[in-house]
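If you want the numbering used here, it's the position in the sequence shown, counting the first as 1, plus 87.
Quick reminder that beta carbons are idealized off the backbone N, C-alpha and C, glycines included.
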Amino acid sequence: MPIRTAVPPRVLTVAGSDSGGGAGIQADLKTMLAHGVHGMSVLTAVTAQNSLGVQGAWELPVEAVRAQYRSVVDDIGVQAVKTGMLASAALVETVAELLAATDAPVVVDPVGVSKHGDALLAAEALDSVRTRLLPVATVATPNLDEVAQLTGVTVTDESGMRRAAEEILAFGPRWALIKGGHLTGDAVDLLTDGSAEHWLRAPRYDNRHTHGTGCTLASAVASGLALGQDVPTAVESAKAYVTGAIRAGFPLGGGIGPVDHGWRTRPAE
Numbered sequence: 088m089p090i091r092t093a094v095p096p097r098v099l100t101v102a103g104s105d106s107g108g109g110a111g112i113q114a115d116l117k118t119m120l121a122h123g124v125h126g127m128s129v130l131t132a133v134t135a136q137n138s139l140g141v142q143g144a145w146e147l148p149v150e151a152v153r154a155q156y157r158s159v160v161d162d163i164g165v166q167a168v169k170t171g172m173l174a175s176a177a178l179v180e181t182v183a184e185l186l187a188a189t190d191a192p193v194v195v196d197p198v199g200v201s202k203h204g205d206a207l208l209a210a211e212a213l214d215s216v217r218t219r220l221l222p223v224a225t226v227a228t229p230n231l232d233e234v235a236q237l238t239g240v241t242v243t244d245e246s247g248m249r250r251a252a253e254e255i256l257a258f259g260p261r262w263a264l265i266k267g268g269h270l271t272g273d274a275v276d277l278l279t280d281g282s283a284e285h286w287l288r289a290p291r292y293d294n295r296h297t298h299g300t301g302c303t304l305a306s307a308v309a310s311g312l313a314l315g316q317d318v319p320t321a322v323e324s325a326k327a328y329v330t331g332a333i334r335a336g337f338p339l340g341g342g343i344g345p346v347d348h349g350w351r352t353r354p355a356e
């Protein structure tokens with residue numbers, strides 16, 4: 088068998104660890120593998136987490152996060168970066184500084200709370216997300232709870248998603264992807280750069296096992312960008328991937344199970 092010499096696109100995730108394997112770094116790397124890119128990681132925090140919630144979280148020192156990032160980027164290089172759980176203002180500011188000096192598209196998932204409602208970002212870090220992190224984002228991917236945290240806007244319908252996008256774009260990202268999964272009806276998201284609008288709709292599946300959807304979507308977008316897709320194409324592809332992963336989500340433990348990152352490789356039922 089010939090040895091492969093072609094190097095796949097490289098994508099870096101800067102996020103926390105989910106010991107249950109459904110979200111965080113673990114979900115990011117699974118998603119990247121499913122998209123044919125080489126995933127790399129900068130660990131920002133360690134969580135004790137399972138299907139029932141987050142039992143504990145410990146952030147890493149700024150020096151450890153900076154060293155991981157420089158180690159990967161300076162030697163291996165990146166074609167896209169995705170951020171997730173950053174925990175504190177100090178980590179948000181450190182990561183924002185590193186991203187600003189990196190020539191690659193950045194997907195920011197402004198993680199604030201877990202699927203179970205556990206806080207994953209200190210309240211005092213919100214201003215750093217607004218003023219330091221979002222301005223370096225190519226695409227910001229807040230859900231409606233994160234929109235409310237960052238802007239104070241409560242979205243109850245699709246027209247409210249437009250206002251939410253305007254508020255998020257005002258912080259400086261090139262594109263805002265407002266995720267409307269918490270609304271009723273079809274799962275609808277709005278992608279916009281302030282001029283063009285792309286509404287993405289998918290069926291809502293009756294499956295409670297949706298742990299890791301936000302991490303998975305953002306990582307899929309970053310993978311598409313690393314593969315050379317433009318933002319609308321990368322987001323559309325990511326939406327299709329995460330919809331299939333939600334449909335195939337499976338039970339683990341006694342609570343909310345994960346989406347299935349490998350659904351495309353499973354035999355058809």
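Residues bridged to Leu278 by DSSP? DSSP, once it has assigned bridges, lists Leu264 and His285 as partnering Leu278.
DSSP puts Met127 in a beta bridge; with which residues? Answer is Leu99.
Excluding the 5 residues preceding and the 5 following Val240 in the sequence, name in chain order all residues of the same chain whose CB lies nearer than 8 Å to its CB. Around Val240: Val234, Gly247, Arg250, Ala251 and Glu254.
Residue span of the alpha helix (DSSP H) that contains Gln113, given as start and end: Annotation for Gln113: the continuous alpha helix (DSSP H) segment containing it runs Gly111 to Ala121.
Given a cut-off of 8 Å, decide if Ile343 and Thr297 are closer than it, judged by their beta-carbon atoms. Cβ distance < 8 Å, so Thr297 and Ile343 count as in contact.
What residue from Ser306, Tyr292 and Asp162 has the CA that sits closest to Ala121's CA? That would be Ser306, whose Cα lies nearest to the Cα of Ala121.
Hey, could you find the ends of the beta strand (DSSP E) Ala188 is sitting in? From DSSP, Ala188 is part of no beta strand (DSSP E); its letter is neither H nor E.
How would you call Val179, buried or exposed, if buried means at least 16 neighbouring beta carbons within 10 angstroms? Classification for Val179: buried.
Tell me whether the beta-carbon of Pro96 lies closer than 8 Å to the beta-carbon of Gln166. Against a cut-off of 8 Å, the Cβ pair of Gln166 and Pro96 comes out as a contact.
Start-to-end residues for the beta strand (DSSP E) that takes in Ala144: Counting along the chain, the beta strand (DSSP E) containing Ala144 begins and ends at Gly140 to Glu146.
Three-state class that DSSP yields for Gln136 in the structure shown: Of the three classes helix, strand and coil, the one that applies to Gln136 here is strand, per DSSP.
Burial state of Trp145 (16 or more Cβ within 10 Å): Classification for Trp145: exposed.
Buried or exposed: which applies to Ile90, given that a residue is buried once 16 or more other Cβ atoms fall within 10 Å of its Cβ? Result: exposed.
To the nearest angstrom, how far is the alpha carbon of Val195 from that of Met172? Linking Val195 to Met172 through their CA atoms gives a straight-line distance of about 10 Å.
Val159 to Lys117 span [Cα, whole Å]: Their backbone Cα atoms lie some 19 Å apart in a straight line.
Can you give me the C-alpha to C-alpha distance between Gly267 and Met88, rounded to a whole angstrom? Their Cα atoms are separated by approximately 47 Å.
Classification of His348 by the beta-carbon crowding that lies within 10 angstroms, buried from 16 upward: By the neighbour-count rule (16 or more Cβ atoms within 10 Å), His348 is buried.
For Gly285, which residues from the same chain have a beta carbon less than 6 Å from its beta carbon, with the 5 sequence-adjacent residues on both sides left out? The sequence given here places His at residue 285; Gly does not occur at that position. Contacts found: Leu278 and Pro319.
Near Leu213, which residues of its chain fall below 7 Å by C-beta distance, leaving aside the five closest residues on each side in sequence? Closer than 7 Å at Cβ, skipping near neighbours: Gln236 and Leu237.
On a Cα-Cα basis, can you pick out the residue from Leu256, Gly340 and Arg291 that is closest to Ala283? Among Leu256, Gly340 and Arg291, the Cα nearest to that of Ala283 belongs to Leu256.
Output needed for Leu339: all residues of its chain with C-beta closer than 6 Å, excluding positions within five of it in sequence on either side, in chain order. Around Leu339: Ser138.
Kindly indicate which three-state DSSP category Asp162 falls into: helix, strand or coil? Per DSSP, reduced to three states, the secondary structure at Asp162 is helical.
DSSP three-state label for Thr330, please. If DSSP states are grouped into helix, strand and coil, Thr330 belongs with the helices.
When you compare only the Cα positions, how much space is there between Ala209 and Gly299? Going by the C-alpha atoms only, they are around 20 Å apart.
Please list, in chain order, all residues of the same chain as Arg353 whose beta carbon is under 8 Å from its beta carbon, the five residues on each side excluded. Cβ contact annotation for Arg353 (same chain, cutoff 8 Å, sequence separation greater than five): Ala335 and Asp347, in chain order.
Entirely enclosed alpha helix (DSSP H) segments - the region 217 to 252, minimum 4 residues: Taking only runs of at least 4 residues, the alpha helix (DSSP H) segments lying wholly in the region 217 to 252 are 231 to 238.
Look up Thr320 in the DSSP assignment and give the residues it is bridged to. Per DSSP, none; premise fails for Thr320.
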